[in-house]
Amino acid sequence: MLDQITKYLVVANIPLNEIGFRVAPFFNIIYVRNEGAAFSFLASSGGWQRYFFIVVALTITAVLLVSLFRTSKKKKWTCLAISLIIGGALGNLIDRVLLSYVIDFLLFFIKTESFSYYYPVFNVADIAVCVGAGLLVIIGLFGKEK
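Here the sequence shown is numbered in the working numbering, starting from 12 and rising by one per residue.
See below:
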């Protein structure tokens, strides 16, 4: 829900492809459309990628839902991690189904007089997926949950 609320606020208040808010010297809120996957992967592939990413998101969500239901509720961190990934996948899936693209708006960058680097624009759903995946990696690396 947080993902969809933030996307709504961005679309309602910021023109497409423009910086809406300069939050910090390294962080802007900008409204862009991403027709691809992470880092705009396959964004200019002619439209078929929309359906591909919908199928992928539905498949991953189904597999993770089964995994979530099979996971002991005592493993709260594992359940949280899986839920974050599902929530993020569904947040971006909603955009793909309804709009045919994903709304991204968080832009972090480093810019000096001689150097600039812009991290690809992302959204709250992407954060949820990354945090969930990171938690699963940590749980996997450091053993059983207490």
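Think of the CB as a built atom: it goes at the ideal place given N, C-alpha and C, for glycine as much as any other residue. As the structure is a prediction and not an experimental result, all values here were calculated from the model.
Cross-strand partners of residue i (DSSP beta bridge)
i, result
"ASN45", "VAL113"
"LEU118", "ASN39"
"ARG33", "ASN39"
"TYR130", "Answer is none; TYR130 lacks a bridge partner."
"LEU27", "TYR42"
Best match in the options for proximity to residue i [C-alpha to C-alpha]
i, options, result
"ILE121", "PRO131, ASP115, ILE114 and CYS90", "PRO131"
"VAL108", "SER125, ALA23 and VAL66", "VAL66"
"THR70", "PHE119, ILE97, LEU152 and GLN15", "ILE97"
"MET12", "GLU124, ALA139, LYS84 and GLY151", "ALA139"
"TRP88", "PRO26, PHE64 and VAL148", "VAL148"
Test item: CB-CB of residue i and residue j under 9 Å
i, j, result
"ASP115", "VAL43", "yes"
"ILE41", "ASN24", "no"
"GLU46", "VAL113", "yes"
"LEU79", "SER94", "yes"
"LEU146", "LEU91", "yes"
"PHE38", "LEU152", "no"
"THR72", "LEU101", "yes"
Same chain, Cβ closer than 8 Å to residue i, five either side skipped, listed in chain order
i, result
"TYR62", "none"
"VAL34", "ILE40"
"PHE126", "none"
Spatial neighbours of residue i in its chain, beta-carbon cut-off 6 Å, leaving aside the 5 residues before and after
i, result
"TYR128", "ILE121"
"GLY99", "ALA136, ALA139 and VAL140"
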